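*Asks:*
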Amino acid sequence: MKVFAAVLLLGAILPLASAVHPFFFSWRRGITADQSVKKIHSHNDYWRKTPLVDALRLGVQSVEADVWKVSETLYVGHDLHSLSESRTFDSLYVQPLLKYLDRTNKRSPLLPVGLQPAGLFDTNCSATLYLFVDIKTGPADTAKSIRRELAPLRRRGWLTTLREDGVLVPAPVTVVLTGNLPESDTLFTPSGARDMFFDADLAASDNSPYDARLTPFASCDLQSLVGEITQVDGLSAAQIKTVTDRVRHMHSYGVQTRVWGIPEWPITLRNNIWHQLYSAGNDFLCTDAIESAAEF
């Protein structure tokens, strides 16, 4: 009887508490609550039941959207046949980011003036989310449209920015362009700053220097990096050395690495290659199977 009465009392208190203070029980209900930040890249993120959100719930730090410009609108999809009017870059990524960052950056008299905005990850509010935008249509024109649609995030100071004086200012979201890359001068804002960055080619055979302020990542598919995988247990010793050497080269310039095109099946082969890439120093695990990667 006492337990029943306690349940009734709690049922009466909770609505009142929420009415008095709407964040009474919601401040720890962030979609990343209790999730450590994981260096996982959500490949084909737009295929998920809830793009962006499903990845964030697992603490995934990097997501990817394939973007097509059609009649002045940016649509998200794997190919032209998969595009739909409801699935735009703005609706799947920009608006949800605004929604969640608005919640995590509510004004409070307790916060000092000039405090860096909080990011999306409850366990590490200074960690940035890497938003990869894979350009599928004309590079220069599409990049300009991406820059335009990012304007609401830019106005709030939520995009990592390279200032005109060369200082990199971290922010909750870091935009990395990949795919059909435009010329560098199309990425600058009228003020001379830039808040969209490049994805370099990890498989490039030269040893050119890189500026991590402009190219924070270097990526490639696994086969173009190491060739055909013929062993049932993963990469050969020579292939592992190739990965290690390229990763070390990029790390010497502060550039992070990401390898995609990893076989998703058989599962044993996939997991073995994940282990090998991790041991070789590769930074981000790129996969469609983010749930499995989060438990890896």
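Going left to right, the sequence shown walks through residues -19 to -1, 1 to 277 as mature numbering (1 follows the signal peptide of the UniProt record, and there is no 0) numbers them. Glycine included, each C-beta is placed from N, C-alpha and C at the ideal position. The structure displayed is predicted, hence computed values, not measured ones.
By how many angstroms is the C-alpha of Y191 removed from the C-alpha of Y56?
*Replies:* 31 angstroms
*Asks:* So, with DSSP's three-state summary, where would you put G213?
*Replies:* Note that residue 213 is Val in the sequence shown here, rather than Gly. Looking at V213 - three-state DSSP - the assignment turns out to be coil, as it is neither helix nor strand.
*Asks:* Locate the beta strand (DSSP E) running through H22, then write down its first and last residues.
*Replies:* K19 to S23
*Asks:* What is the DSSP secondary structure of I221, reduced to helix, strand or coil?
*Replies:* helix
*Asks:* State yes or no: is the C-beta of R229 within less than 8 angstroms of the C-beta of C267?
*Replies:* no
*Asks:* If you check the beta carbons only, do A193 and G262 fall under 8 angstroms apart?
*Replies:* no
*Asks:* Does T249 come out as helix, strand or coil in the three-state DSSP assignment?
*Replies:* helix
*Asks:* Where does the unbroken beta strand (DSSP E) through T54 begin, and where does it stop?
*Replies:* T54 to V57
*Asks:* Skipping 5 residues on each side, what residues in its chain have a beta carbon closer than 7 angstroms to that of G242?
*Replies:* D202, L203 and Q204
*Asks:* Round the Cβ separation of L33 and Q16 to the nearest angstrom and send it over; I've been treating them as touching at under 8 angstroms.
*Replies:* That pair is no contact at about 14 angstroms.
*Asks:* Looking only at its own chain, which residues have a Cβ that is under 7 angstroms from the Cβ of D26, when we skip the five neighbours before and after it?
*Replies:* P32, L33, A36, V44, E45 and A46.
*Asks:* Below 7 angstroms CB to CB, which residues in the same chain sit around residue 278 once its five sequence neighbours on both sides are set aside?
*Replies:* The structure shown does not extend to residue 278, since the chain is modelled only from -19 through 277, so no value can be given for it.
*Asks:* To the nearest angstrom, how far is the alpha carbon of G119 from that of V51?
*Replies:* 10 angstroms
*Asks:* Considering Cα atoms alone, identify which of T223, I12, H22 and G11 is closest to A270.
*Replies:* H22
*Asks:* So the alpha helix (DSSP H) D83 belongs to, where does it begin and stop?
*Replies:* Q76 to T85
*Asks:* With C-beta atoms as the reference, is T196 less than 8 angstroms away from D180?
*Replies:* yes
*Asks:* Can the beta-carbon of V154 be found closer than 8 angstroms to that of L110?
*Replies:* yes
*Asks:* For the beta strand (DSSP E) that D182 lies in, which residues bound it at each end?
*Replies:* M177 to D182
*Asks:* What does a CB cutoff of less than 6 angstroms around R227 pick up in its chain, not counting 5 residues either side in sequence?
*Replies:* L183
*Asks:* The alpha helix (DSSP H) with S126 in it runs from where to where?
*Replies:* P120 to E130
*Asks:* Do you know whose CA, among L134, Y81 and D122, lies nearest I12's CA?
*Replies:* Y81
*Asks:* Taking the straight line between their C-alpha atoms, what separation do you get for E245 and F113?
*Replies:* CA-to-CA, the gap between E245 and F113 works out to about 21 angstroms.
*Asks:* CA-CA distance, G100 and D264?
*Replies:* 20 angstroms
*Asks:* Considering only the alpha carbon of each residue, which of T123, L158 and D122 lies closest to F198?
*Replies:* L158
*Asks:* Can you give me the Cβ contacts of D71 inside the same chain, cut-off strictly under 8 angstroms, excluding the 5 residues immediately before and after it?
*Replies:* Apart from the 5 residues on each side of it in sequence, D71 sits with its Cβ closer than 8 angstroms to the Cβ of L55 and E130 in its chain, given in chain order.
*Asks:* Ends of the beta strand (DSSP E) at L110?
*Replies:* L110 to I116
*Asks:* Within 10 angstroms of the Cβ of K30, are there 16 or more other Cβ atoms? Answer buried if so, exposed if not.
*Replies:* exposed
*Asks:* Let me make sure I understand the geometry here. Which of A121, S65, A174 and C106 has the alpha-carbon closest to that of E145?
*Replies:* A174
*Asks:* According to DSSP, which residues form a beta bridge with R29?
*Replies:* According to DSSP, which records beta bridges pairwise, R29 is partnered with nothing at all.
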